[in-house]
Every structure is written in C-alpha cells, then in structure tokens.
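Beneath this line is the structure, given in structure tokens, with notes to follow.
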C-alpha cells in the first residue's frame, strides 16, 4: 500500500510552499493538496525542489475558509470553475499528476437541488472531456453534511448516482473514509461494493478527523480490505493532526513512508 501526504492538512506548522520539502524530509515520496492560493510558478518550483510526486490535486473549490466547497453547481460561480479548469490541467501536466478532484458545491437557498446538480453534471462532463486527452481522471467527492451542511453529494449513493448521470469514462469516485464513516458507517461494505468506481481514497479517523488511532475506525481492517480488493492507487492522509504532524505519523514507519508497505508493518 502506498500513502500520500495531504499537505493542506499536514505540516501546517509551516507555510504551504515549505510543506513539500517537509513531507519529503519526513519520508514521503508523494503528496496531494487542495487548490493552492500561492503563485503557481512557486508551487511548480517547490515540487521540483522537493522531488516529490503529486498524486492528486483539487480544482479550485472557492473560498474554503469562508465555507465554499465547490463552484460548479452555482450559476453565480460556475464560470470561475470553467476558468480554473485549463489552469488546473496545465498545473497537473507540469507536475505529472493524473488525478484532479472536484467539489460539487453546497445547496443555494433560492435554487432547486436538481437544478444545481444538472449544472454540475454539465460542467463535470465538460471538464472531463477537457481532461481526457491528457490522461487525467476527474474525481467526484462525497462530503458529510454533519460537518458541512448543504453539501450536494453527501452519501455514496448520491455520488455514484451522479457518476452515472455524468457518464464519462475518466470520471471516478474519490472515497473519503472519514466523510463516509460519518454519514453511513460500515465503510468496508461500501468499499467492496464500489471499488470498481473508486479512483482515489483518503483517510482520517472519525469522529474528529484526526490521525488513525484517535477515533472509532479499525484502520488495520479497513486498509487490509482495501488492499485485498486490488486497489493499487495512493491512500491520501487527509487528516487534521491532534498533535504535531510528525508525532501524528508514529503509526507509519518513517523509512517506509515513501514506498509500498505491508499493512502488518503499520502500528495500528
């Protein structure tokens, strides 16, 4: 199993551009991150200097600190998403990244949910068609509405129904163990049923979204099942450390963070 460090939630003790090098020094060979607010040329340089692989990055999701979680389902903001797509694809190309995740957005009070999902579907199809010649997979993420009220796709059923509506071969489901444990529980049963549709996996413990071992999820069991199901992609560590980042990684041996690791070697 291979892990990637999400530097939007890990190594936040340092400025964003410094986190690529921090992840590399901590033993990671792969990182992932949300859409950066820093200069993109500086991001390219930071990746190059750190020598890390970018396993995943997000399209622009709007003002995340203000509560935005996606632009493409709101008529007032979807053009900003469309403007971001070629920029994000160019960044992905330069970084050698073949996974781009998007957030579909939250319910707008004066709009019907079906209207928003229809606009989102239209925009995802367009983005997927733009990404296809580059060999890039567009990912759709379900997010729990206990933490983020009004998010349009809050369950696996909603996300996979949306995938069927989009109907593009290079669009897949990003399965976030934390979010779906919060909404559904029984994540192993869902993984077994949905693995053919899953293009990326992220983990954090629940409740709290901390590192593995801080909540109720039996990660040794969950990760073993992911491996048994034949998943060969990266598992993104998108958790919020309950302590310093390095301390929160004690379960993952430093010398093996940048390579395939057997589940029984994890301190879980």
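Numbering (this note's numbering), first residue to last: 767 to 1034. No residue lacks a Cβ here, since even glycine has one placed at the ideal position from N, Cα and C.
Among the residues of its own chain, which have a CB less than 7 Å from the CB of residue i, if the five just before and after it don't count?
i, result
"residue 917", "835, 872, 909 and 911"
"residue 874", "840 and 882"
"residue 953", "943, 946, 947 and 988"
For residue i, which option in the options has the closest C-alpha, if you only look at C-alpha atoms?
i, options, result
"residue 892", "1029, 838, 876 and 986", "838"
"residue 832", "795, 846, 772 and 914", "914"
"residue 738", "906, 1028, 934 and 1021", "The structure shown does not extend to residue 738, since the chain is modelled only from 767 through 1034, so no value can be given for it."
"residue 931", "890, 816, 1003 and 986", "890"
"residue 863", "966, 1019 and 1033", "966"
"residue 772", "946, 861 and 1000", "1000"
"residue 824", "929, 868 and 808", "868"
"residue 815", "1017, 799 and 783", "783"
"residue 970", "979, 963 and 964", "979"
Does the beta-carbon of residue i have 16 or more other beta-carbons within 10 angstroms, so that it is buried, or is it exposed?
i, result
"residue 939", "buried"
"residue 775", "buried"
"residue 895", "exposed"
"residue 1004", "buried"
"residue 853", "exposed"
"residue 785", "buried"
"residue 879", "exposed"
Quick check on residue i: does DSSP put it in helix, strand or coil?
i, result
"residue 792", "coil"
"residue 905", "strand"
"residue 936", "coil"
"residue 878", "coil"
"residue 885", "helix"
"residue 771", "strand"
"residue 850", "helix"
"residue 777", "coil"
Short of 8 Å in beta carbon distance, which residues of its chain neighbour residue i, apart from the five on each side in sequence? Order them along the chain.
i, result
"residue 1013", "1007"
Tell me the start and end of each unbroken beta strand (DSSP E) in the segment 815–847 that is at least 3 residues and wholly inside, in chain order. 819–824
Length-filtered (4 minimum) alpha helix (DSSP H) runs lying within the segment 940–1014: 943–949, 953–960, 985–994 and 1011–1014
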